[in-house]
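Presented below is the structure to which this report refers.
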Amino acid sequence: MSTTTDNTGNVPWKPLVSQRWSLDDRGFVTKEDGEVPHRTQPFPPVFTEVESVTQNERDVHKTRRIVEKLLPQPVVDRTLGTAWGELERFAESWTRTKTMDADNTIPPSPSLPPLEMFYVVVWENTEHNPANYKKDVVVVSAWEPRTTLLYDDELGLPITLVESVVANTNGVPPALPAPTATAWSTIREVDYWRSIKSAYTLTGAYVRVTYDTIQYTFPAVFGGLTLVSSFEAANERTVWQITPQVRPAFTVPVYQTIYEELITAAQANTLQTSADNVVPFGSAPMPSSVTVPTGDLGTAALRARLFNPKPIDIGYNGLQVELHVPNVLTDEMSFTFTTSGSDTYYGPGIVETVFVPATEVSATMMLGLAASRKVICVEDTIDSWKHGMFMRRRAFIKVESIVVS
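For reference, each letter of the sequence shown is one residue, going 234 to 638 in my numbering.
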């Protein structure tokens with residue numbers, strides 16, 4: 234009779250050693266599984282040791298310790314530098330191709346034609362193990378523009394914003410299109426191959442007409458001289474009484490119409506270099522939201538003729554008369570002073586003539602403008618606005634009535 238005896242508890246275990254590649258641990262992992270005395274503690278954690286455990290095998294009355302050690306290996310993933318997260322909203326659709334490759338190369342960015350890479354938005358090579366790489370390539374079928382409707386509080390007009398993806402050339406965004414009076418653009422680079430172009434369009438040319446009240450000073454107007462001569466018997470000389478006819482300068486509140494419009498840099502340059510406006514004052518009607526300034530009030534290619542009358546001082550210091558009338562507008566005129574035939578002080582029959590030149594804005598012109606309350610321009614400024622645009626501002630008033638006393 235034979236008896237089978239289980240003696241595994243008396244036979245020592247030989248350590249078992251195995252190896253595997255672990256992407257999570259980033260290297261080769263060696264697993265050692267061997268017998269240790271009861272109550273043996275696991276190894277304390279150290280660098281390159283992935284895991285260490287001890288466990289009792291009750292059925293064979295043994296204690297085993299399992300230790301996993303790491304041989305680190307570099308794991309190289311490569312990704313093309315694109316702005317897919319920002320560009321995704323412009324994509325009509327895209328295709329993701331997943332393959333397993335033998336290397337982790339990706340196309341070097343400068344060597345690829347911009348138009349080819351214009352539609353490649355993801356190119357990732359992820360190391361799966363030292364000989365295999367997971368490659369993901371995402372190609373967009375087409376870039377679709379996106380439209381946003383805005384309202385500009387400063388201009389008081391709706392604006393249409395169209396955003397689109399445009400191709401760079403060797404990493405350089407395309408040139409900006411020239412702005413117009415109703416449209417301008419910005420271009421912002423998002424990666425080596427692509428930029429986002431934002432095109433803004435006004436729903437019509439910007440023209441704003443506003444009204445306010447200002448204090449305006451109208452110059453004094455010279456209307457001539459009242460001359461009265463007499464003979465002073467005691468001194469045997471001619472005496473003149475001279476009374477200037479002057480309407481003094483006065484300051485009054487006047488209504489002002491302000492006309493603003495957006496113009497391009499080219500239009501601003503044309504205006505800055507335009508010839509002097511010589512259209513007669515008061516030849517154009519008051520501009521409004523439906524009436525465009527014309528003539529002496531300026532045009533799209535001609536600055537306004539600013540109403541800036543330059544008064545003069547009338548002065549004369551002669552033999553028998555002295556005259557001083559300051560700061561007036563005047564017509565061309567002359568005044569003759571002749572001594573009496575009995576004048577022994579200055580001499581008989583002495584003739585003096587005082588000549589008064591006309592001012593650029595003459596007295597007659599000023600009175601005519603006032604009588605008809607003609608429109609004049611008192612301001613024509615061009616200031617830089619934004620996006621390469623300029624804001625032109627013109628201000629107009631009516632000439633107030635003037636009476637020469």
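Just so you know, even glycine gets a beta-carbon here, dropped at the ideal spot from N, CA and C.
Cβ atoms of Y439 and G314: under 9 angstroms apart, would you say? Taking 9 angstroms as the Cβ cut-off, G314 and Y439 do not qualify as a contacting pair.
In or out: F514 buried (at least 16 other Cβ within 10 Å) or exposed? That one is buried.
Does the Cβ-Cβ distance between T263 and L303 come in under 9 angstroms? Cβ atoms of T263 and L303: closer than 9 angstroms.
Paired residues, beta bridge with M333 - DSSP: According to DSSP, which records beta bridges pairwise, M333 is partnered with K367.
Return the chain-ordered ranges of every beta strand (DSSP E) run that is complete within the stretch 288–327 and spans a minimum of 3 residues. Those beta strand (DSSP E) runs which fall completely within the stretch 288–327 and span 3+ residues are 295–305.
Spatial neighbours of G404 within its chain, please: CB distance less than 6 angstroms, with the 5 preceding and 5 following residues excluded, ordered by chain position. If you ignore the 5 residues before and after G404, its C-beta comes within less than 6 angstroms of the C-beta of Y425, all in its own chain and listed in chain order.
With three or more C-beta pairs closer than 8 angstroms as the rule, is the stretch 332–339 touching the stretch 365–373? Contact check between the stretch 365–373 and the stretch 332–339: three or more CB pairs, one atom from each, fall below 8 angstroms, which counts as touching.
Nonlocal neighbours in the same chain, by C-beta distance under 6 angstroms from N289, ignoring five residues either side: Within the same chain, N289 has close Cβ partners T296.
Between the beta-carbon of V373 and the beta-carbon of W417, is there less than 9 angstroms? Not closer than 9 angstroms, so no.
Taking 7 angstroms as the limit between beta carbons, can you name the residues of its chain near P406, skipping five residues before and five after? Spatial neighbours of P406 in its own chain (CB-CB distance under 7 angstroms, excluding positions within 5 residues in sequence) are listed in chain order as I420, E422, S428.
From the DSSP output, which residues share a beta bridge with F623? For F623, the beta-bridge partners assigned by DSSP are I496, S617.
Buried or exposed for P452, please, with buried defined as at least 16 other CB atoms from any protein chain shown within 10 angstroms of its CB. With a threshold of 16 other beta carbon atoms within 10 Å, P452 meets it and is buried.
Could you have a look at N502 and say whether DSSP puts it in helix, strand or coil? In the three-state reduction of the DSSP assignment, N502 falls in the helix class.
Give a yes or no on whether the C-beta atoms belonging to V353 and A324 are separated by under 9 angstroms. No.
For a test of the three-state rule: what should DSSP assign to T393, helix, strand or coil? Three-state DSSP puts T393 in a strand.
Rounded separation between D239 and E284 - CA only: Residue placement at D239 cannot be trusted, given a pLDDT of 49 that sits under 50; what the coordinates show is reported in the next sentence. Approximately 32 angstroms between the Cα atoms of the pair.
Is there a Cβ from chain D that is less than 9 angstroms from the Cβ of T527? This model lacks chain D altogether, as it is built from one protein chain only.
On the premise that E565 lies in contact with P544, defined as a C-beta separation below 8 angstroms, what is that separation, rounded to the nearest angstrom? Not really, about 15 angstroms apart at Cβ, beyond 8 angstroms.
Below 8 angstroms on the Cβ atoms is my guess for T586 versus T569; work out the distance and round it to an integer in Å. Correct: roughly 5 angstroms between the Cβ atoms.
Closer than 8 angstroms is the cut-off here; do at least three beta carbon pairs connect the stretch 505–522 with the stretch 603–613? Segment contact: the stretch 505–522 against the stretch 603–613, three or more CB-CB distances shorter than 8 angstroms; contact assigned.
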